[in-house]
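Chemist:
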Amino acid sequence: MEKTTVEKRDRGEISPRLEIGRPNRLEVYKLTQHGAFLRAADKAEVLLPNAYVTPETVPGKIVEVFLYHDSEDRPVATTERPTAMLDEYGLFTVVDYRSYGAFVDWGLPKDLFVPLSQQKEYFRIGEKKLLRVCRDERTGRLYATQKLGKYFVRKMEGLKRGQEVELTILAKTPLGYKAIVDGRYEGMLFADDLFETLKPGDRRRGYIRKVRPDRKLDLSLRPPGQEAKRSEAVERILEALNAEGGALPLHYKSRPEEIRDRLGISKKIFKQALTRLLEEGKIELNEEGIRRCGV
243 MEKTTVEKRD RGEISPRLEI GRPNRLEVYK LTQHGAFLRA ADKAEVLLPN
293 AYVTPETVPG KIVEVFLYHD SEDRPVATTE RPTAMLDEYG LFTVVDYRSY
343 GAFVDWGLPK DLFVPLSQQK EYFRIGEKKL LRVCRDERTG RLYATQKLGK
393 YFVRKMEGLK RGQEVELTIL AKTPLGYKAI VDGRYEGMLF ADDLFETLKP
443 GDRRRGYIRK VRPDRKLDLS LRPPGQEAKR SEAVERILEA LNAEGGALPL
493 HYKSRPEEIR DRLGISKKIF KQALTRLLEE GKIELNEEGI RRCGV
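Adding 242 to a residue's 1-based position in the sequence shown gives its number in the working numbering.
(1) Determine the direct distance from the alpha carbon of R464 to that of S234, and round the result to whole angstroms.
(2) According to the neighbour-count rule (16 or more other Cβ atoms, all chains shown, within 10 Å of its Cβ), is G391 buried or exposed?
(3) Rounded to whole angstroms, how far is the Cβ of V288 from the Cβ of G277, which I believe are closer than 8 Å?
(4) Can you check whether the CB of L268 is closer than 8 Å to the CB of V318?
(5) Quick check: the Cα distance between Y271 and Q405, rounded to an integer number of angstroms?
(6) Based on Cα-Cα distance, which residue from S473, T321 and D378 lies nearest to E522?
(7) How is K392 classed by DSSP in three states: helix, strand or coil?
(8) Around the Cβ of P455, are there at least 16 other Cβ atoms within 10 angstroms (buried) or fewer (exposed)?
(9) Take L480 as the anchor and find which of R340, P466 and L505 has the nearest alpha-carbon.
(10) Run through DSSP, which three-state label would E306 get?
(11) Report all residues from its chain with a CB closer than 6 Å to the CB of I411; omit the five preceding and five following residues, and keep chain order.
(12) Can you tell me whether DSSP reads R464 as helix, strand or coil?
(13) When the distance is taken between beta carbons, is L417 closer than 8 Å to F394?
(14) If we count the other Cβ atoms within 10 Å of its Cβ and call it buried at 16 or more, is L280 buried or exposed?
(15) May I ask which residues mark the beginning and end of the alpha helix (DSSP H) holding T517?
(16) Counting only the same chain and skipping the five closest in sequence on each side, list residues whose C-beta sits under 6 Å from that of P291.
(17) Please classify K250 as buried or exposed, where buried requires at least 16 neighbouring CB atoms within 10 angstroms.
(18) Suppose the cutoff is 6 Å on Cβ atoms and the five residues either side in sequence are ignored; what does the same chain contact list for R502 look like?
(19) On a Cα-Cα basis, can you pick out the residue from P357, E529 and D353 that is closest to S341?
(20) Threshold first: 3 residues or longer. Then list the beta strand (DSSP E) segments lying entirely within the region 421-448, N to C.
(21) Assuming D503 is part of the alpha helix (DSSP H), what are its boundary residues?
(22) For V288, write down the residues that DSSP places opposite it in a beta bridge.
(23) If the criterion is Cβ atoms closer than 8 Å, does the pair R396 and R323 meet it?
(24) Below 8 Å CB to CB, which residues in the same chain sit around A286 once its five sequence neighbours on both sides are set aside?
(25) For D460, which of G487, T415, G429 and I367 has the nearest alpha-carbon?
(26) Can you tell me whether N484 is buried or exposed, with buried defined as 16 or more other CB within 10 angstroms of its CB?
(27) Any idea if T381 is buried or exposed, counting beta-carbon neighbours within 10 angstroms, 16 or more meaning buried?
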């Protein structure tokens with residue numbers, strides 16, 4: 243009777259069906275010697291192995307789990323989260339290579355398969371590869387691909403200059419770095435606008451500089467406009483002062499390389515931010531560098 247009451251109360255929170263590759267909210271249906279059987283609203287069931295069963299895993303309880311296929315190709319649930327889920331991008335380490343494909347570690351007991359047909363280059367054990375998690379429509383099994391181009395959305399309606407976006411660094415090029423924008427679009431961060439070293443898989447907050455006619459995006463890691471850049475530089479200087487006990491060995495005559503290495507900004511913006519902080523009475527400046535007032 244109690245179980246029926248729980249079902250009625252929580253039914254709206256349960257996933258309508260089992261979905262491989264994504265988080266599922268499922269009801270604990272029954273406990274067995276192999277683990278807990280969970281079910282969706284359509285009554286489909288999946289096993290949560292004993293390794294993930296806790297004293298709180300009781301019949302009627304709603305749990306959030308990730309679904310994938312185990313080593314015997316059976317759907318199975320886990321309370322762990324992989325490096326990336328279905329339709330997401332992640333940086334994966336190659337752990338095995340066979341004539342028909344490679345296997346990468348994605349944080350779950352069964353490694354993720356990368357078919358030979360989905361590789362753009364030779365995979366070596368120990369290397370890290372930026373991949374997308376996909377699902378085979380015929381078998382339902384998850385796999386990863388290095389061939390990302392066909393997944394980028396080319397319709398740019400609604401995107402505008404200055405818009406804040408989430409970036410995943412894709413690859414280094416002679417011009418700078420290709421990046422995946424909001425997990426949907428392709429864009430470029432240009433080397434002359436960067437003051438830090440990036441690598442594939444790094445994630446950053448960024449901004450759209452330009453929506454190009456070729457349906458790609460020019461990007462920046464800094465807000466557009468000089469005032470926004472100065473404000474960001476001011477915050478970086480104050481944060482660095484706090485981290486260094488209130489003093490920094492930087493001043494107007496510091497070399498651009500020193501400023502870039504410590505703060506990740508250009509000397510021009512640094513000098514503008516320094517002037518603002520001096521005018522606001524927040525810092526003092528001498529031959530040794532910057533000191534926060536009151537320190």
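Note that the Cβ used here is the ideal one computed from N, Cα and C, for glycine as well.
Modeler: To lay it out plainly:
(1) The chain is shown only over 243 to 537; residue 234 falls outside these bounds and no answer can be derived.
(2) Reading the sequence shown from its first residue, position 149 is the one you call residue 391. By the neighbour-count rule (16 or more Cβ atoms within 10 Å), G391 is not buried but exposed.
(3) Taking the sequence shown and counting its residues from 1, one reaches residue 288 at position 46. Taking the sequence shown and counting its residues from 1, one reaches residue 277 at position 35. Wrong, their Cβ atoms sit about 10 Å apart, outside the cutoff.
(4) Stepping through the sequence shown from its first residue, residue 318 is reached at position 76. Stepping through the sequence shown from its first residue, residue 268 is reached at position 26. Taking 8 Å as the Cβ cut-off, V318 and L268 do not qualify as a contacting pair.
(5) By 1-based counting over the sequence shown, the position of residue 271 is 29. By 1-based counting over the sequence shown, the position of residue 405 is 163. Between Y271 and Q405, the C-alpha separation is close to 46 Å.
(6) On the sequence shown, position 280 is the one that residue 522 refers to. Considering only alpha carbons, the answer is S473.
(7) The residue given as residue 392 occupies position 150 in the sequence shown. Helix at K392.
(8) Against the sequence shown, residue 455 aligns to sequence position 213. Exposed: under 16 other Cβ atoms inside 10 Å.
(9) Sequence index remark: in the sequence shown, residue 480 carries index 238 (1-based). Comparing Cα positions, the closest option is L505.
(10) To locate residue 306, count along the sequence shown from 1; it is residue 64. In the structure shown, E306 falls within a strand segment according to DSSP collapsed to helix, strand and coil.
(11) Here residue 411 refers to the residue found at position 169 when the sequence shown is read from its first residue. Taken in chain order, the residues that qualify are Y419, A421, L440, P442 and D444.
(12) Taking the sequence shown and counting its residues from 1, the one referred to as residue 464 is at position 222. In this structure, R464 counts as coil in the three-state DSSP scheme.
(13) Working through the sequence shown from its first residue, we reach residue 394 at position 152. Working through the sequence shown from its first residue, we reach residue 417 at position 175. Remark: C-beta atoms of F394 and L417 do not approach each other more closely than 8 Å.
(14) Taking the first residue of the sequence shown as 1, we reach residue 280 at position 38. Residue burial annotation: L280 is buried, with at least 16 other C-beta atoms found within 10 angstroms of its C-beta.
(15) Numbered from its first residue, the sequence shown carries residue 517 at position 275. Element bounds for T517: K509 to E521.
(16) Within the sequence shown, residue 291 is the residue found at index 49, counting from 1. The answer, listed in chain order, is G277.
(17) Taking the first residue of the sequence shown as 1, we reach residue 250 at position 8. Low per-residue confidence applies at K250: pLDDT is 37, beneath 50, and the placement is therefore not dependable, though the value from the model is reported in the following sentence. Exposed, because fewer than 16 other Cβ atoms sit within 10 Å of the Cβ of K250.
(18) Taking the first residue of the sequence shown as 1, we reach residue 502 at position 260. So the qualifying residues of the chain are F437.
(19) Residue 341 sits at position 99 when you count from the first residue of the sequence shown. Per the Cα distances, P357.
(20) Here the runs fully enclosed are 427-432.
(21) The residue labelled residue 503 in the question sits at position 261 within the sequence shown. Residues P498 to L505.
(22) Taking the sequence shown and counting its residues from 1, one reaches residue 288 at position 46. DSSP output for V288 lists L280 as bridge partner(s).
(23) By one-based count along the sequence shown, residue 396 stands at place 154. By one-based count along the sequence shown, residue 323 stands at place 81. R323 sits away from R396, with the two beta carbons spaced by 8 Å or more.
(24) On the sequence shown, position 44 is the one that residue 286 refers to. Here the set comprises R259 and L260.
(25) To locate residue 460, count along the sequence shown from 1; it is residue 218. Looking at G487, T415, G429 and I367, the one whose alpha-carbon comes closest to that of D460 is G429.
(26) For the purposes of this step, residue 484 is taken as residue 242 along the sequence shown, with counting starting at 1. N484 is exposed by the Cβ-count criterion.
(27) Locating residue 381 in the sequence shown gives position 139, where the first residue counts as 1. Exposed: under 16 other Cβ atoms inside 10 Å.
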